[in-house]
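Numbering (the working numbering), first residue to last: 701 to 927. As structure tokens, the structure follows; a few thoughts come after it.
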């Protein structure tokens, strides 16, 4: 951040309480990635802490997220703790609001609603894809066997809806990048990075999104952990 060009933002940043983001220890959570990317895009400094899900640390009463959903991510800000990634990114957008802070949701009301719809859909539907293409494919380079018929139907649904959303031919969902682009690219990359047969338009979209600096910073965390 260039404080000479953004003196007010710098002053506001220095007066903000510290932010903490809780992640799984392997940095495999797609939902942690969404919040990490949101924080990075807004230019907010934060402390990254981990909880080992494999050892059940998230089920220990002393953990900050125990009284919430006992899942990651958890965001702490000024004594306030919040879980569920889409709730966190919406909180960040309102608390660190544009134009002073970078925008992570579309300005237009209908596009913003559509972005939230996409986020909710990716989190609530497509369960067979999440089961058969877990994020160790994305962050750990694991290769999985062919999709079951049920998962292939879910993949075809994903392809149809994603292609419709991107029918305008642009590189981002709504012209300018938004946080839903990161979430959609992650879901597509469960299949792309496994070598599944994905329509080329969607492969190109996912590859383009994956090169974004904030996403690459998160990907590097899991790579460093594995290495």
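In this text, a Cβ means the ideal position worked out from N, Cα and C, and glycines have one as well. Here the structure is a predicted model, which means the values were calculated and not measured.
### Task
Express the C-alpha separation of residue 854 and residue 827 in angstroms, rounding to a whole number.
One alpha carbon belongs to residue 827, the other to residue 854, and they sit about 8 Å apart.
### Query
Are the Cβ atoms of residue 863 and residue 873 separated by less than 8 Å?
no
### Query
With residue 838 and residue 917 assumed to form a contact (beta carbons below 8 Å), what rounded beta-carbon distance in angstroms separates them?
Not confirmed; about 15 Å, so no contact.
### Task
Check each candidate in 780, 886, 742, 875 and name the one with the smallest Cα separation from residue 836.
Nearest of 780, 886, 742, 875 to residue 836, Cα basis: 886.
#### Entry: Beta-carbon contacts of residue 742 that lie in its chain and below 7 Å, excluding the five residues immediately before and after
792, 796, 801, 802, 804
### Query
Mind checking residue 747: buried by the 16 CB within 10 Å criterion, or exposed?
Exposed, by the Cβ-count rule.
### Task
Under 8 Å by Cβ, that's how I've got residue 773 and residue 721 pegged, so tell me the actual separation to the nearest angstrom.
6 Å
#### Entry: Residue span of the alpha helix (DSSP H) that contains residue 821, given as start and end
Start and end: 809 to 824.
### Task
Measure from the alpha carbon of residue 882 to the alpha carbon of each residue in 921, 771, 906, 868, then state which is nearest.
906
### Query
Is residue 856 buried or exposed, if buried means 16 or more other CB atoms sit within 10 Å of its CB?
exposed
#### Entry: Buried versus exposed, by CB contacts within 10 Å (16 or more), residue 798
exposed
#### Entry: residue 737 versus 925, 923, 912, residue with shortest Cα-Cα distance
912
### Query
Are the beta-carbon atoms of residue 744 and residue 818 separated by less than 8 Å?
no
### Task
Return the bridge partner residues of residue 801 from the DSSP annotation.
Paired residues: none, contrary to the question.
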